[in-house]
Every structure is written in structure tokens, then in C-alpha cells.
Amino acid sequence: MTADAVILQSNPKAGYLAHQVEIDAALRRVLESGWYILGPEVAAFEAEFAAYLGLPHAIGVATGTDALELALRGCGIGPGHVVFTVSHTAVATVAAIERCGAEPVLVDIDPATYTLDPNALEGAVRVRRDNRPVAVVPVHLYGHPADMPAILDIARRHDLRVVEDCAQAHGARLAGRLTGTWGDAAAFSFYPTKNLGALGDGGAVVTASPAFAARVRELRQYGWRERYISAVPGINSRLDELQAAVLRVKLRHLDAGNERRRVIAARYREALSGARVSLPICEAGVDHVYHQFVIRSPERDRLQGQLQELGIGTLVHYPRAVHSQPAYADRLAHGDLTHSEQAAASVLSLPMYPELADAQVARVAETLRNLLNC
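Numbering (our numbering), first residue to last: 1 to 374.
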């Protein structure tokens, strides 16, 4: 099989080639400027990304994991605090909580949306109410927003800070409101495969609070308020000028890319209708951005292997819930995580990126149906 015949599950190179002229010009501009860290490109991207979200503040940082850690630290979260989140997520969510010195408490997901189940959150908060619960991190997984109205209601009643994990939900909306604008703050990742992806690592913290933004700006660079003088303990987490320049280009095309993802998702739905797999849902009032198109099947492992043999790439996001991974097993607090464990055993992400051609989408669906004997 030729390389051209292989359909990749994700393809950041295609995203570069689609906007190559603009990206190359942006990179050349930075290279010729002589300013490579926290310069005018970062400042411009921060302003443009904040404007896109309708928020006053965005702070560029080195990675999405750093963004979540710094957002939590900006909320004053640290040792002795309890932070609620899900177990069916990228491990970065839990890693960022522990890097703050806080204790992650894992709750189950809604099996339909794969996002935090508000009922499970309510129960977990009540169990831990005497152990300094201070925050919740809802994850907008696969591009579908979590149930923010219900989560915010619980947060208000229990005095919890809310930090959204938006690493997979750039441009997603719930009730007309963008993810990242609901909580006290939000963290974004710009890893190359994200809906808004750089050509390397990158992240951002966003907030409506000027005081919060000022704290995060200090924390991302050693706690400096003036150069070389640390007012508070901080870290080194700076978005570089090259990645900011790339992100400025990509941001201009984000909504069009998300719309193409929705078209691809609709084609998958139509072609796989009636097949013996569960298809992702999109709840009423949600603008899903399909970071991933995730199906479920008890035959997941067989299907993945056979698709690979036929030149179709897939991935499992994620094969083991965080609480069952070696680094975290038997030491993280959690309740019943049945839905998280069932998802990990059956989810499969099909190829999904804006540059995926209609013929490739049709081939993926037809091949999958044949393997299912539809």
C-alpha cells in the first residue's frame, strides 16, 4: 500500500499545507524580527484570542498542561485543597492538579457526552465537604461541552472555583456561549493536532478577571513583577513568538475548520447509520467541534487492528482511565467510575481533521461497515 493510500487519524502537516503561504510569511516575519520570546506576536495573539472568546484577558504559556496548572494556581489552589475532575480524560488534567499540590478527586462521566456527570459531582462534593474542596475542572472532551449550567449551579452552592479544561473544545458553544467563558478561568492547549494547533507546544489561560490575569502573567515567568525580581514563586512557561505567529494565522481559519469537522461528522453519521457501533451524540443547544469523532464498539480492538491493516489510522482516546494507570492506581480518591471504565474499553476515534477529503471519509465508513458485516 502506498503512503498516499493511507488515511491518517490526524494530520497536522495537512493543516500546515492548507495555510502554508500565510504561515511561512508569519514565520519569516518572526525570524527576521530578532525577537523570539514574549514579544509582539505573543501580545497580538493574546489580544486576538481573547477577542475571539469575548473575554478581556488571554495569557500565552508553553503548554496546555502548564495552562491548567497556572489557571489553578491563579485561583489560589495548592496543597491541602481538593479538586474534582473526571478520570476519562488526557492524563494532563490530573497531572496539572497534582503539580499544584492539590488532591484530585475523580468523578464519573455522562456516558452519552463523555463529560463530567453533574450528579456524580454533587455526590462527590457532599462526601468530601469537610476536606477543603475548592475547585472543579470540567473537561470539554472530544469537542462536546460539559453541562456547564448544572456544574456552575453546584459550584455556587458549594463555593467551588471552576476552571474549564478546553484543550479539545476551541470554538465549541453551549447555549450560544463559547467554552472557556463559563468558569473563573479556562485552559487551552495548542498542541499540533488540536482544532487550533501550533507547530509545536503552546497553551493559554483565559479569564475575565484583571487581577487573575495579572497573577498568571507573574506565575508564567518566575513570579516576576519586575525583571529578575520574583515577587512570588513561579515557573518558566512562555509561549514563544514563532508559535504565536502560527496561531494568529490558524485562528483566522478556526471557525471554517470547525464547520468542516461538522460536515465530516455528518457524513460519518449518515454512512454509518444502522451499523453496529454507537455514534457520538450532540445535545440540543450544543455546537460540537468534533476534535474527535468517537465511536464505541465491544469489538474495538479487532476493528482497530483490521482498519490499520487496510490503511486507515485510528486512535483510542483514552485506553485506560486515569485511576487505572500505573502512576495513579490505588492512590487517587474516587467513587463509582463504571461509565469511565466502560468508555475506555470501547471508544475508538476515526480519522478527523478539516483537510480530510469526502472520498476518504466515505472509504473509512465503507471499510468499517464491511468489517462489521453491515
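No residue lacks a Cβ here, since even glycine has one placed at the ideal position from N, Cα and C.
So, with DSSP's three-state summary, where would you put G203?
strand
Name, in chain order, the residues that DSSP records as bridge partners for T85.
L106
Residues sharing a beta bridge with E395, DSSP
Look at the range of the chain in this structure, 1 to 374, and you will see that residue 395 is not part of it.
How about G143 and H291: do their beta carbons lie closer than 8 Å?
Judged by their CB atoms, G143 and H291 are nearer to each other than the 8 Å cut-off.
How should Q20 be labelled, buried or exposed, when 16 other C-beta atoms within 10 angstroms of its C-beta is the threshold for buried?
When all chains shown are included, Q20 counts as exposed.
Which word fits I37, buried or exposed, when buried means at least 16 other C-beta atoms lie within 10 angstroms of its C-beta?
exposed
CB of S340 within 8 Å of CB of A321, strictly:
In contact: S340 and A321 (Cβ atoms closer than 8 Å).
Start-to-end residues for the alpha helix (DSSP H) that takes in S346:
338-346
Chain-order list of residues whose beta-carbon lies under 7 Å from that of A26 (same chain, five-residue window excluded)
A245, V246, R248, V249
Can you give, in chain order, each stretch of the beta strand (DSSP E) that sits fully within the segment 2-87 and has at least 3 residues?
If one requires a minimum length of 3 residues, the beta strand (DSSP E) runs lying completely within the segment 2-87 are 57-61, 82-86, in chain order.
Leaving out the 5 sequence neighbours to the left and right, which residues in its chain are closer than 6 Å to L307 when beta-carbon positions are compared?
Scanning its chain for C-beta atoms nearer than 6 Å, with the 5 sequence neighbours on each side dropped, one finds around L307 the residues T314, in chain order.
With contact counted as at least three CB pairs below 8 Å, one residue from each stretch, are the segment 42-53 and the segment 275-285 in contact?
no
What residue from G101, T181, V86 has the CA that sits closest to L72's CA?
G101
Distance, Cα to Cα, Q304 vs L348?
Approximately 8 Å between the Cα atoms of the pair.
Please state the DSSP three-state secondary structure of L356.
coil
Reducing DSSP to helix, strand and coil, say where H334 ends up.
strand
Would you kindly check if the distance between the Cβ of A213 and the Cβ of F188 is under 8 Å?
no
Hey, how far is the Cα of L160 from the Cα of L332?
20 Å
Give me the Cα-Cα distance between E41 and Q243, rounded to the nearest whole angstrom.
In a straight line, the C-alpha of E41 is about 9 Å away from that of Q243.
Between L350, K194, A95, V286, which has its C-alpha nearest H253's C-alpha?
It is K194 whose Cα lies nearest to the Cα of H253.
Three or more beta-carbon pairs under 8 Å between the segment 161-180 and the segment 135-152, yes or no?
yes
For F212, the three-state DSSP class (helix, strand or coil)
helix
Using DSSP with H/G/I as helix, E/B as strand and the rest coil, what is Q308?
helix
First through last residue of the beta strand (DSSP E) which encompasses E164
161-165
What first and last residue would you give for the alpha helix (DSSP H) that runs through A265?
254-272
Please classify D153 as buried or exposed, where buried requires at least 16 other C-beta atoms within 10 Å of its C-beta.
exposed
Within 10 angstroms of the Cβ of V6, are there 16 or more other Cβ atoms? Answer buried if so, exposed if not.
exposed
Apart from the five residues just before and just after A58, which ones in its own chain have a Cβ nearer than 6 Å to its Cβ?
E46, F49, A50, A204, V206
Using alpha carbons as the reference points, say which of E309, T89, V91, R99 lies closest to V82.
R99
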